[in-house]
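Everything below concerns the one structure shown next.
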Amino acid sequence: MAARDLRVAIIGEIVKARREQGVSQKKLEEMSGVKQPIIARMEKGSTSPQIDTVLKVLAPLMNIKV
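Residue numbering for the sequence shown is 0 to 65, as defined by numbering that gives the first Met the number 0.
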């Protein structure tokens, strides 16, 4: 799997988890420290976030303390 495909798959799982948990992008900003516009661009695929950013967004959805 290419790095881009993996990134798309992971971000897809983030969106799925966020929606299933009823978490808005704004709430996820509060939980992760990543600004809502960055989360929105990440979810739309209009940016290629660094792995640190992806992990910051993913961690609170998975109940992982960082």
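Glycine is no exception: its CB is placed at the ideal position from the N, C-alpha and C atoms. Fair warning: this is a prediction, and the values are worked out from it, not measured in the lab.
Neighbour-count burial assignment, residue i, 16 or more Cβ in a 10 Å radius
i: residue 31; result: buried
i: residue 5; result: exposed
i: residue 66; result: Because residue 66 is not part of the residues shown, which for the chain are 0 to 65, the question remains open.
Under the three-state DSSP convention, the category residue i falls into
i: residue 30; result: helix
i: residue 41; result: helix
i: residue 21; result: coil
i: residue 49; result: coil
Inter-residue Cα distance where the pair is residue i and residue j
i: residue 36; j: residue 15; result: 18 Å
i: residue 39; j: residue 59; result: 17 Å
i: residue 63; j: residue 41; result: 20 Å
i: residue 10; j: residue 55; result: 12 Å
Beta-carbon separation (whole angstroms), residue i vs residue j, contact threshold 8 Å
i: residue 33; j: residue 46; result: Rounded, the Cβ-Cβ distance is 11 Å, inconsistent with contact.
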